[in-house]
Every structure is written in C-alpha cells, then in structure tokens.
Ligand code: ADP
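Numbering (the UniProt record's numbering), first residue to last: 40 to 306.
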C-alpha cells in the first residue's frame with residue numbers, strides 16, 4: 040500500500056508555508072480565538088511577511104466575525120479554494136465562510152470534520168506564507184489528532200496554549216500539554232489570558248479569578264514548559280473583536296497591548 044495521496048498533496052501544498060503555529064486551549068471561552076486573531080494581526084503588521092489564519096474550530100467558528108469578515112464566502116479558482124483577505128498580507132480560512140447563515144451550527148461527526156480539515160490543508164491556495172496560525176477547537180479532540188497527523192508533527196513549529204487563571208481551566212491545560220508531549224508537538228509556551236483587571240477609574244489591579252494552585256506560571260514551571268506571559272482583562276479587547284478590528288492597532292498604548300507584545304516577542 041503506497042502513501043496516502045491526500046497526505047502527499049498536503050505535503051506539497053504546505054511546502055510554501057514556512058512556519059506553522061497551533062493555538063490550543065483546554066477549555067472554551069478562555070480567549071483562544073481572540074489570541075489567534077491578535078497574533079495574526081501582529082504578525083501581519085510586518086508588511087514584508089505573509090500571514091494565514093486557519094480556523095478549524097468547526098463547531099464554533101468565530102474567526103470570521105473577529106477578523107471583520109462576516110458574510111464573506113470562499114471562491115474557488117484553478118489553484119484551489121481562495122482564502123478571504125483582511126489585508127494583502129493577511130488571509131483567513133474558516134468553516135464560517137462555508138455556512139449560509141451565521142447562526143447555522145455545524146453538527147458533524149468525526150469523519151466529516153476530519154475530511155474538511157484535510158481539504159483545508161490540501162485545497163486552500165495560500166500562495167507563499169511566512170506564518171500559518173491554526174485556531175483549533177477547545178480540548179483535545181479528533182480535530183487535533185487530524186491536524187497533527189496531516190501536517191506531520193515534524194512540520195509544526197509548535198503550539199501556544201491559552202488558559203484563564205481558573206483552576207478548572209488549568210486542569211485541562213495539563214491535559215493539553217500532555218497531548219502535545221505525547222504526539223511530539225513542541226510547546227512554544229503557555230499564555231494566561233483574562234489575568235487581572237486594571238480599573239480604568241482608579242488604576243488599581245484586581246484579580247477576577249482566584250486560583251488556588253498558583254496559576255498558569257507555576258503550572259508551566261511544574262510541567263517544564265515555557266510561560267510566555269499574561270494578558271489582562273480589557274473590555275476593549277472584547278469590543279474590538281465584536282467590531283472585527285485589531286485591538287493592537289486600535290489601542291497601541293494600552294496595558295494589554297504591552298502584554299501582548301511581551302508574549303509575541305518572547306519567542
Ligand atoms: P475561545 O476561543 O477560547 O472560546 P474567545 O476568544 O472567543 O474564546 O473569547 C471569549 C470571550 O472573551 C469573547 O467574547 C472575547 O471577546 C472575550 N475576551 C477574550 N480575551 C479577553 C480579554 N483579555 N479581555 C476581555 N475580553 C476578552
């Protein structure tokens with residue numbers, strides 16, 4: 040039996056993508072898609088670099104809205120499926136572009152999801168990319184196994200794991216770290232999102248979540264993986280996402296932007 044022809048095609052397509060970064064989270068709602076989008080915006084601020092953002096959160100794609108691309112659809116050309124462009128150097132692909140209505144949920148079984156991920160990797164015409172950021176569903180599911188298998192572990196630069204400071208989120212992050220170790224995906228590091236809130240009136244920082252085990256930094260130390268930093272809660276982050284705008288560009292001097300930049304520059 041020869042090699043899987045799909046995998047051969049994926050390998051061929053991915054030859055023009057220099058770096059592949061997975062964004063993971065143990066739980067939903069901790070800010071993974073927000074992070075993926077801001078990372079993509081940040082990378083694309085260097086106009087010399089070509090950036091792609093692939094959303095494989097098939098059951099809950101939020102990337103089209105966050106990137107300001109609601110209602111866009113995919114066009115098929117001779118080269119494959121054309122992604123939707125935010126800027127000349129920032130392209131996006133999401134299952135959200137395949138749904139007729141935004142509220143249409145996709146309730147698909149594993150094999151169908153895997154089929155779509157295969158197709159995304161095989162058929163999307165990214166052209167040359169410096170970075171492909173992959174926003175994955177929460178947890179460790181079929182989609183994660185598929186992406187790791189299809190991209191081949193050796194071709195993935197690494198994973199960034201997003202968590203909130205809450206213990207329940209941290210417990211799931213440990214599972215995520217173990218998954219990466221098991222399948223051999225290098226861990227770029229852990230980011231603690233929604234980490235504290237600075238009151239705009241009195242400028243005092245409050246902790247919204249009270250971790251009992253010492254938070255993501257301690258857990259990263261315990262599990263021997265890099266800790267990249269913490270992003271505070273800023274309601275303007277949520278608003279920028281709702282408006283489909285880059286928070287980093289809209290609020291260049293904010294505390295959260297400072298922290299995002301520390302995280303982005305840490306590797
Ligand atoms: P996930 O992808 O992990 O499910 P999202 O990125 O969709 O999570 O974020 C969940 C919600 O929290 C969204 O409404 C988002 O705008 C908001 N959010 C994410 N990070 C922050 C933050 N640091 N400050 C304020 N709101 C945030």
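Where is the CB? At the ideal position from N, CA and C, for every residue including glycine.
- If you drop the 5 nearest sequence neighbours on each side, which residues of the same chain put their C-beta closer than 8 Å to that of residue 294? If the five residues before and after residue 294 are omitted, its C-beta is found closer than 8 Å to the C-beta atoms of 237, 271 and 273, all from its own chain and listed in chain order.
Item to complete: Would you list the one or two residues that DSSP bridges to residue 133?
Response: 94
So, with DSSP's three-state summary, where would you put residue 236?
strand
Handout entry: Candidates 77, 129 and 85, of which the one nearest residue 105 by Cα
Key = 77
Fill in: Backbone secondary structure at residue 108 - three-state DSSP
coil
Query raised in the report: Taking Cβ positions only, does residue 257 come closer than 8 Å to chain D?
Result: As a matter of chain content, chain D is missing from the structure shown, which is built from one protein chain.
Three-state secondary structure assigned by DSSP to residue 69: coil
| request: May I have the straight-line CA-CA distance separating residue 112 from residue 93, to the nearest angstrom? | output: 14 Å
**Asked** What span of residues does the alpha helix (DSSP H) with residue 303 cover, start to end?
**Response** 294-304
- In the DSSP assignment, find the unbroken beta strand (DSSP E) run with residue 170 in it and report its ends. 168-174
**OP:** Report all residues from its chain with a CB closer than 6 Å to the CB of residue 57; omit the five preceding and five following residues, and keep chain order.
**Re:** 169
As an exercise, report each continuous beta strand (DSSP E) stretch of at least 3 residues that is fully enclosed by the stretch 146-201, in chain order. 168-174
#### Entry: Boundaries (first-last residue) of the alpha helix (DSSP H) holding residue 254
254-261
Inset, instruction - May I ask you to verify whether the stretch 185-204 touches the stretch 148-167, counting CB pairs closer than 8 Å and requiring at least 3? - result: yes
Ligand 1 heavy atom lying under 7 Å from the CB of residue 179: no
* Asked: Looking at residue 106 and ligand 1, is the gap between the Cβ and the nearest heavy atom below 7 Å?
  -> no
Confirm, please, whether the CB-CB distance from residue 255 to residue 291 is below 8 Å. no
**Request:** Return yes when at least one heavy atom of ligand 1 lies under 7 Å from the C-beta of residue 232, else no.
**Result:** yes
- Is any heavy atom in ligand 1 found nearer than 7 Å to the beta carbon of residue 69? yes
Need the endpoints of the beta strand (DSSP E) that residue 121 sits in, please.
119-121
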